[in-house]
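*Asks:* Letter by letter, the sequence shown follows residues 5 to 409 of this note's numbering.
Quick reminder that beta carbons are idealized off the backbone N, C-alpha and C, glycines included.
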Amino acid sequence: MTTEVTTTEAIRVSLEIGEGPCDPTAAAAHVHDFISHMRAEEPRILGFPGNLAFDFSDLAGILGVLLNNVGDADSPDASDINTKAYEREVLRFLARISGGEPEDTYGYVTGSGTEGNLFGLHLGRRRLPDAPIYCSEAAHYGIQKIADLLRMELVQVPCGSDRGIDADALRAECRRRRGRGAVLVATVGTTMHGAIDDVASCAEAAAVAGATHIHVDAASGGIAATFAPFRLRWGFDAGADSVAISGHKLIGSPVPCGIAMARRELVAAWPAGEYTGATDSTLSCSRSGLAALLLWYGLCRRGRRGLEAEIRRALEVAAHAERRLAELARHPWRHPASLTVVFDRPSAAVCAKWHLPTEGGLAHLIAVPHVTTEAVDDLCRDLEEDTDNATRRRRSHARNARSLA
Ligand SMILES: *Cc1c(COP(=O)(O)O)cnc(C)c1O
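(1) Terminal residues of the continuous beta strand (DSSP E) containing S250?
(2) On the three-state DSSP scale, how would you describe F38?
(3) Starting from V189 and walking both ways along the beta strand (DSSP E), at which residues does that stretch end?
(4) First and last residue of the alpha helix (DSSP H) that includes L122?
(5) Is it buried or exposed, V189, if we count other Cβ atoms within 10 angstroms and call 16 or more buried?
(6) Consider the C-beta atom of P53 and the heavy atoms of ligand 1; say whether any pair is separated by less than 7 Å.
(7) Whole angstroms are fine: how far does the CA of D37 sit from the CA of A30?
(8) With a threshold of 7 Å, establish whether the CB of D170 neighbours any heavy atom of ligand 2.
(9) Under the assumption that V113 contacts E91 (Cβ atoms under 8 Å), give the Cβ distance between them as a whole number of angstroms.
(10) Got a sec? Which residues, its chain only, sit under 7 Å from A276 by beta carbon, not counting five neighbours each side?
(11) Please report the Cβ distance between A215 and G185, rounded to the nearest whole angstrom; I am assuming they are in contact, meaning their Cβ atoms lie under 8 Å.
(12) Residue range of the beta strand (DSSP E) that L158 falls in?
(13) What do you reckon, is the C-beta of T286 under 7 Å from a heavy atom of ligand 1?
(14) Give the list of continuous alpha helix (DSSP H) stretches no shorter than 4 residues that lie fully inside the region 306-359.
(15) Taking Cβ positions, are A266 and D241 nearer each other than 8 Å?
(16) Which residues does DSSP list as the beta-bridge partners of W274?
(17) Determine the closest residue to P106 out of E93, S116, G117, with distance taken between C-alpha atoms.
(18) Evaluate the contact criterion for the region 156-175 versus the region 194-210: three or more CB pairs, one atom per stretch, below 8 Å.
(19) Can you have a look at M42 and say buried or exposed, based on whether 16 or more other CB atoms are within 10 angstroms of its CB?
(20) With respect to 7 Å, is the separation between the Cβ of H219 and the closest non-hydrogen atom of ligand 1 below this value?
(21) Expressed to the nearest angstrom, what Euclidean distance is found between the alpha-carbon atoms of V187 and H219?
(22) With respect to the alpha helix (DSSP H) encompassing G222, which residues constitute its N-terminal and C-terminal limits?
(23) Mapping DSSP to helix, strand and coil, what is E363?
(24) Quick one: grab the DSSP three-state call for Y145.
(25) Can you tell me whether I150 is helix, strand or coil according to DSSP?
(26) Would you mind sorting W358 into buried or exposed? The rule is 16 or more other CB atoms within 10 Å of its CB.
(27) Would you tell me roughly how many angstroms separate the C-alpha atoms of P162 and Y138, rounded to the nearest one?
(28) Smallest Cα separation from P136: which of M156, I150, K149?
(29) Between which residues of its own chain and T391 is the CB-CB distance below 7 Å, once the five residues before and five after are set aside?
(30) Do G115 and C26 count as a contact pair if the criterion is CB distance below 8 Å?
(31) I need the straight-line Cα distance from H374 to G364, nearest angstrom please.
(32) Report back the beta-carbon spacing between L303 and L127 to the nearest angstrom; my notes put them in contact at under 8 Å.
(33) Tell me where the alpha helix (DSSP H) around Y90 begins and ends.
(34) Consider the C-beta atom of P260 and the heavy atoms of ligand 1; say whether any pair is separated by less than 7 Å.
(35) The alpha helix (DSSP H) spanning V203 covers which residue range?
(36) Please list the terminal residues of the continuous beta strand (DSSP E) segment that includes R267.
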């Protein structure tokens, strides 16, 4: 307890921004220590969707430049210190990945996947002002915040046996509120299970409510689903009106970012300040030109084929993890187009060592490209010992109980 307070206090003192300038060498050394610490942890970060297999250090010079993409990606702006040419190429590439035609797809690079969800659901509310938002119980918690912000009723629908929205339950909820329309959130890659809502059948079920807006939250799982070994339509080609993807998850980026997209004909121009010289249908004003540039570089370095090969390898690592965890009787589950493997929650020590998030009795790993087969095997060795310890504890418990009796 005391050591913890001292450490926290030491960090506070060493980070304090004082009245005068600090020693720049010491400050840089501090950050370099921090970077080393982060890099050392990397091989054991198995539980989060951020792909850490990236390196943009070639582009370090970019940190000396301000890159601000004010307004729409396809609009010039007065400051002209933007990376919109790169951004448009990222959007063209990801529109196709999402089953859309670039010419028919409006989009921009956002601050996060959540901003993309807000953009899509705001569009839904403007089309259908009286419609509730329907989503599954496994939808991301951010959807609740967005419903609150937009003052929309939120209807959470149970999941079926494949852990995606139960289409019959959705139809029943929509029928109950018939005539108001429906703004549907289909999740492609739920946060805990990596489950995938069947977009087309959910859209069909929601239609009993009247007019619909179909938003696909593909923050985590969309890109992997596109390259699954079987055809899975989840985006514009499955009926989506808007799509959100996170940029720092599967693609990988040192800064959180995302991509918001929508069918172009649905996007209205908003008033923009004349001095920006831009049209602006985004939810922002200034936007990260750095994020757009890094996404472009990350995607351009791979190409579509490179990305596909990387995802196929990652899916194999996920399948390997699923097999190994089954052998250890950890009851794994995985959607075949997903990198997420959920399994029985291990001890707190194992979860801390391998950075595994938990929910109730479950934990998961996500086989993003920096997660190797070797790391999965090392985790499994720890799980074996964990099982041994748990069995020993149970036995000694039983012994104690007997001796007490
Ligand atoms: C991660 C995630 C989000 C949120 O994305 P951010 O980029 O973290 O804002 C939304 N939905 C799902 C399903 C996610 O997994």
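*Replies:* A quick look at the data gives this:
(1) From DSSP, the beta strand (DSSP E) with S250 extends over 246-250.
(2) helix
(3) 186-191
(4) 117-131
(5) buried
(6) yes
(7) 10 Å
(8) Summarising the ligand content, the structure contains ligand 1 and does not contain ligand 2.
(9) 5 Å
(10) Result list for A276: G75, A282, T283, D284, in chain order.
(11) 4 Å
(12) 158-161
(13) no
(14) Qualifying alpha helix (DSSP H) stretches, in chain order: 352-357.
(15) no
(16) D284
(17) E93
(18) Touching, yes.
(19) M42 is exposed by the Cβ-count criterion.
(20) no
(21) 7 Å
(22) The sequence shown places Ala at residue 222, rather than the Gly named in the question. Unbroken run through A222: none, as it is neither H nor E.
(23) strand
(24) coil
(25) Taken through DSSP and simplified to helix, strand or coil, I150 comes out as helix.
(26) buried
(27) P162 and Y138: Cα-Cα distance of roughly 11 Å.
(28) M156
(29) L332
(30) no
(31) 27 Å
(32) With 8 Å as the limit, L303 and L127 do not qualify as a contact, their Cβ atoms being about 25 Å apart.
(33) 88-101
(34) yes
(35) 203-210 is the extent of the alpha helix (DSSP H) around V203.
(36) Its beta strand (DSSP E) spans residues 262-267.
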